[in-house]
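Colleague:
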Amino acid sequence: MAVTTSSTTPRRTRLAEVTPANLRRRYLRDRVMIGLLVLATLVVLIPLLVIVWYVVSNGIQAVLEPTFWTSDLGSPARALGGRDTGLGHTVLGTLVVDGLALLIAVPIGIGAGIMLSEYPDHPLNPALRILNDTLNGMPAILKGLLAFALIVKPMGTFSGLSGGVALAFVMLPIVARATEGVLRIIPWSIREAGLALGLPRWRVVLNTVLPAARVGVVTGVLIAFARAAGEAAPLLFTAFGNNFFSSAPLRYLTGPVDTLPARLYSLAISPYREWHAMGWGAGVVLLGFVIVTFVVSRLATRQRHQADM
Amino acid sequence: MQRSATSAIIRAPTKAIYRRLGDNAFQTVVVGLGITIMLLAVVLAWVLLRDGWEPLRIFGFLGFLTGTTWDPVQNDYGTWPFIVGTLITSIAGLALSFFPALGVAIFTAEYAPRWLASIIDTIVDLLAAIPSVVVGIWGIFVLVPFLQNNVYLPIYFWTFEQAPQLLPILGPPAGYNLVTATIVLALMIVPYTAALARDSIRLVPRSQREAARALGATRWEVMRMAVIPYARGGIVAGAILSFGRAIGETMAVAMLVGNSNTLPFTLFGPAATMPSVIVNEFREAVENLHLASLMTVGFYLFLISLVVNLIAAWMQRRYTVGGRAL
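Protein sequences appear in the order of chains A and B. Using my numbering, you'd call the opening residue of the first sequence number 60 and step up by one each time. Using my numbering, you'd call the opening residue of the second sequence number 162 and step up by one each time.
(1) By the 9 angstroms beta-carbon criterion, what residues does the region 377 to 410 of chain B contribute toward chain A?
(2) To which residues of the same chain is glycine 332 of chain B closer than 7 angstroms at the C-beta, ignoring the five residues directly before and after it?
(3) Pull the bridge partners of aspartate 237 of chain B from the DSSP assignment, please.
(4) Taking three-plus beta-carbon pairs below 8 angstroms as touching, is the region 443 to 450 of chain B in contact with the region 230 to 246 of chain B?
(5) My understanding is that isoleucine 276 of chain B touches isoleucine 110 of chain A, with C-beta atoms under 8 angstroms, so please give their C-beta distance in whole angstroms.
(6) With distances taken between CB atoms, is the gap from valine 156 of chain A to glycine 342 of chain A smaller than 7 angstroms?
(7) Output, in chain order, the set of chain A residues within a Cβ distance shorter than 8 angstroms of serine 421 of chain B.
(8) Which first and last residues belong to the alpha helix (DSSP H) in which histidine 148 of chain A is found?
(9) For phenylalanine 243 of chain B, I'd like the list of residues in its chain whose CB is within less than 7 angstroms of its CB, leaving aside the five on either flank, ordered along the chain.
(10) Helix or strand or just coil, what does DSSP make of glycine 419 of chain B?
(11) Quick one: is threonine 352 of chain A buried, meaning 16 or more other Cβ sit within 10 Å of its Cβ, or exposed?
(12) Aspartate 89 of chain A CB to nearest chain B CB: under 7 angstroms?
(13) How about valine 241 of chain A and alanine 359 of chain A: do their beta carbons lie closer than 7 angstroms?
(14) Starting from isoleucine 330 of chain B, trace the alpha helix (DSSP H) both ways and give me its first and last residue.
(15) Work out the CA separation of aspartate 89 of chain A and glutamate 290 of chain A for me, nearest whole Å.
(16) Apart from the five residues just before and just after phenylalanine 296 of chain A, which ones in its own chain have a Cβ nearer than 8 angstroms to its Cβ?
(17) Have a look at threonine 126 of chain A and phenylalanine 303 of chain A and give me their C-alpha separation to the nearest angstrom.
(18) Could you pull the start and end residues of the alpha helix (DSSP H) that leucine 242 of chain A belongs to?
(19) Please list, in chain order, the residues of the region 235 to 260 of chain A that have any C-beta partner in chain B closer than 7 angstroms.
(20) Does DSSP put alanine 432 of chain B in a helix, in a strand, or in coil?
(21) Pop quiz: phenylalanine 463 of chain B and leucine 209 of chain B are said to be a contact at Cβ under 8 angstroms. What is the actual Cβ separation, rounded to whole angstroms?
(22) Counting only Cβ pairs nearer than 7 angstroms, list the residues of chain A close to tyrosine 272 of chain B.
(23) Taking any Cβ of chain B, which residues in the region 292 to 303 of chain A have a Cβ under 7 angstroms from it, in chain order?
(24) With distances taken from CA atoms, which of B:Arg211, B:Ala355, B:Thr197 and B:Ser466 is nearest isoleucine 281 of chain B?
(25) Please decide whether proline 79 of chain A counts as near chain B, where near means a Cβ-Cβ distance under 7 angstroms.
(26) From this set, A:Leu187, A:Ala272, A:Ile350 and A:Ala160, which residue's C-alpha is nearest glycine 222 of chain A's C-alpha?
(27) Starting from the C-beta of threonine 269 of chain B, find all residues in its chain whose C-beta is less than 7 angstroms away, skip the five residues before and the five after it, and write them out in chain order.
(28) Looking only at its chain, what residues have a beta carbon closer than 6 angstroms to the beta carbon of alanine 398 of chain B, apart from the 5 residues adjacent to it on each side?
(29) Judging by CA-CA distance, which residue of A:Pro246, A:Arg286 and A:Leu346 is the nearest neighbour of leucine 226 of chain A?
(30) Short of 7 angstroms in beta carbon distance, which residues of its chain neighbour proline 261 of chain B, apart from the five on each side in sequence? Order them along the chain.
(31) Using the rule of at least 16 other Cβ atoms within 10 Å of the residue's Cβ for burial, across every protein chain shown, is phenylalanine 318 of chain B buried or exposed?
(32) Report the neighbours of valine 192 of chain B on chain A: residues whose CB is nearer than 8 angstroms to its CB, in chain order.
(33) With DSSP run on the structure shown, which of helix, strand or coil describes proline 293 of chain A?
(34) State whether the region 228 to 239 of chain A contacts the region 168 to 176 of chain A, with contact taken as three or more CB pairs (one from each stretch) at a distance under 8 angstroms.
(35) Whose Cβ in chain A lies nearer than 9 angstroms to the Cβ of leucine 450 of chain B?
(36) I'd like to know if the region 247 to 266 of chain A and the region 186 to 204 of chain A are in contact, where contact means that at least 3 CB-CB pairs between them fall below 8 angstroms.
Below you can see the structure in the form of structure tokens.
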């Protein structure tokens with residue numbers, strides 16, 4: 060005992076004498092790097108939070124005006140003259156166009172996701188995966204051009220329908236990928252249990268696999284929705300825009316329709332101060348829309364994790 | 162469900178038909194939906210090529226690519242200025258955002274306590290969802306006036322007095338310019354790069370870190386020697402994907418880049434990118450050839466995005482250890 064302590068003590072002192080310069084430098088570098096990483100985190104988070112803060116503080120007043128929700132925009136003279144003006148028609152149009160996009164994208168996207176995960180040996184799967192990723196990587200503006208060429212040109216008019224289709228193109232690949240991802244997590248034993256009970260394959264997918272993955276699928280859809288709801292580029296030459304409430308409900312699908320992102324763009328580049336204020340208001344609504352969707356999807360995922368544990 | 166299954170087994174004869182018909186129908190529907198997506202990707206390329214065919218026929222594939230004039234009045238079109246604008250803003254935006262993004266990723270994945278990391282992760286993911294137009298309106302009313310008064314004008318006047326030979330590079334301080342567009346682009350892709358880098362750092366096995374620590378490495382040395390080299394492929398692939406995003410980023414850039422169709426672009430002078438010219442001119446295009454040329458610009462944008470995405474996918478497959486994609 061005494062021998063070991065007496066032999067380690069001198070070695071420890073020798074270590075302290077020989078290595079400090081080197082070790083201190085390494086520790087110092089470690090500290091500096093931590094400082095730089097914290098700095099990088101602040102550099103990234105602060106400007107983006109500043110954007111959110113500016114939008115909310117500049118736009119909140121416009122949003123609190125009741126006419127913002129009940130009136131349509133009309134001509135600039137209305138805003139300049141202090142008469143009733145608002146974005147009620149824009150909110151309505153956004154709901155129609157986004158809802159339509161969901162109706163189109165959800166079944167197709169989930170179907171393709173089922174194909175990828177439930178028929179893993181299908182010969183078309185590798186091609187589908189590549190093309191789906193290609194579609195996902197394409198700028199949204201190109202999907203707007205596609206909807207323009209496929210729907211606006213033959214119809215001869217800008218329309219809510221074409222806007223919904225354009226946004227559906229944005230959502231589709233995201234939904235398909237997310238669905239494939241969550242269905243794959245479901246263990247094969249669950250499918251085998253269903254098959255062993257004599258269930259046909261399609262019932263296994265619809266009645267056991269999909270319900271088990273329900274929360275994940277919904278989350279994927281919400282993420283796709285949040286992404287598409289903020290897109291303005293594809294809407295500019297499909298839904299186009301409209302300063303008034305449409306004359307008949309059907310006109311929201313067959314005629315030009317206002318949407319929040321596209322309207323925000325045209326308000327922001329307009330020369331009128333009053334319209335700029337409404338543009339900030341549109342920013343608040345759009346941001347709120349996206350954030351609520353995002354938070355709901357987060358809560359759903361958290362619930363799933365808790366259930367797993 | 163169980164009961165119906167049992168009774169289905171008892172009624173075996175009808176079951177066989179029900180089963181085969183049902184399975185066939187279901188598979189047909191599902192495969193049909195899959196094929197719809199595949200068709201969409203192909204039709205996208207085909208439509209852009211079809212509607213943009215006329216300029217390609219007149220100016221030639223390379224002629225349109227390298228043509229430096231974009232003049233709707235003279236009906237003379239070339240996409241080179243926009244390709245230059247897109248590449249400059251995207252590359253500079255990525256360069257500006259890459260290291261901060263990597264810093265956030267390392268910080269949340271390795272250093273921050275769990276509660277802080279989850280808060281930062283949530284904020285980063287949320288920021289990635291901020292719509293482009295919202296960033297755009299902030300840029301117009303806050304960022305541009307700020308930069309104009311505090312950066313562009315002082316630098317311009319200083320250069321004017323001290324180094325006038327640099328003026329052709331700086332150009333007239335317009336506020337809406339390449340630099341503004343680049344800064345905004347960097348802001349917009351930073352959460353995306355950070356999230357992808359974070360995911361690939363999290364995939365690095367524990368043993369890798371423990372081995373380095375056992376050798377007496379400090380925390381940073383663990384990162385530099387064991388974690389980052391392991392995650393390198395995923396990080397770079399993520400950066401390339403972000404680059405692809407930057408190329409297609411439309412609204413914020415269109416609102417802030419100033420929109421000038423003539424080369425040479427200057428740092429403080431207006432410029433344009435491929436998406437920005439499509440957004441700005443598509444609704445006003447009256448000439449058929451003008452409209453078709455914008456479609457052709459879209460087709461070239463498609464080609465560039467395709468190449469970038471394929472490279473990213475290849476990188477992911479090639480360098481992600483253990484074959485796990487992000």
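For glycine and all other residues, C-beta sits at the position ideal for the given N, C-alpha and C.
Modeller: Straight from the coordinates:
(1) Listed by position, the residues of the region 377 to 410 of chain B near chain A (Cβ gap below 9 angstroms) are Ala378, Thr379, Arg380, Trp381, Glu382, Met384, Arg385, Leu402, Gly405, Arg406, Ile408, Gly409 and Glu410.
(2) Thr427, Leu428, Phe429 and Gly430
(3) B:Asp232
(4) yes
(5) The amino acid occupying residue 276 of chain B in the given sequence is tryptophan; isoleucine does not appear at that position. Not confirmed; about 25 angstroms, so no contact.
(6) no
(7) Using a Cβ-Cβ cut-off of 8 angstroms, serine 421 of chain B is close to nothing in chain A; its nearest Cβ partner there is about 16 angstroms away.
(8) 147 to 177
(9) Ala433, Thr434, Met435, Val438 and Val458
(10) strand
(11) buried
(12) yes
(13) no
(14) Note, isoleucine 330 of chain B: alpha helix (DSSP H), 328 to 331.
(15) 42 angstroms
(16) Gly203, Leu204, Phe207, Val211 and Phe217
(17) 14 angstroms
(18) Note, leucine 242 of chain A: alpha helix (DSSP H), 219 to 244.
(19) Ala235, Leu256, Gly257, Leu258, Pro259 and Arg260
(20) strand
(21) 6 angstroms
(22) Ile93 and Leu96
(23) Within the region 292 to 303 of chain A, contact with chain B at the beta-carbon level (separation under 7 angstroms) is assigned to Ala292, Leu295 and Phe296.
(24) Residue nearest to isoleucine 281 of chain B within the set B:Arg211, B:Ala355, B:Thr197 and B:Ser466 is B:Ala355 (criterion: CA-CA distance).
(25) With 7 angstroms as the cut-off, proline 79 of chain A does not count as an interface residue toward chain B.
(26) A:Ala160
(27) Ala278, Ile281, Asp282 and Arg359
(28) Ala473, Met476 and Gln477
(29) A:Arg286
(30) For proline 261 of chain B, the CB contacts under 7 angstroms within the same chain, skipping 5 residues up- and downstream, are Val351 in chain order.
(31) exposed
(32) Met174, Tyr178, His181 and Leu183
(33) helix
(34) yes
(35) Ordered by position in chain A, no residue passes the 9 angstroms Cβ test against leucine 450 of chain B, which lies about 16 angstroms from the chain.
(36) no
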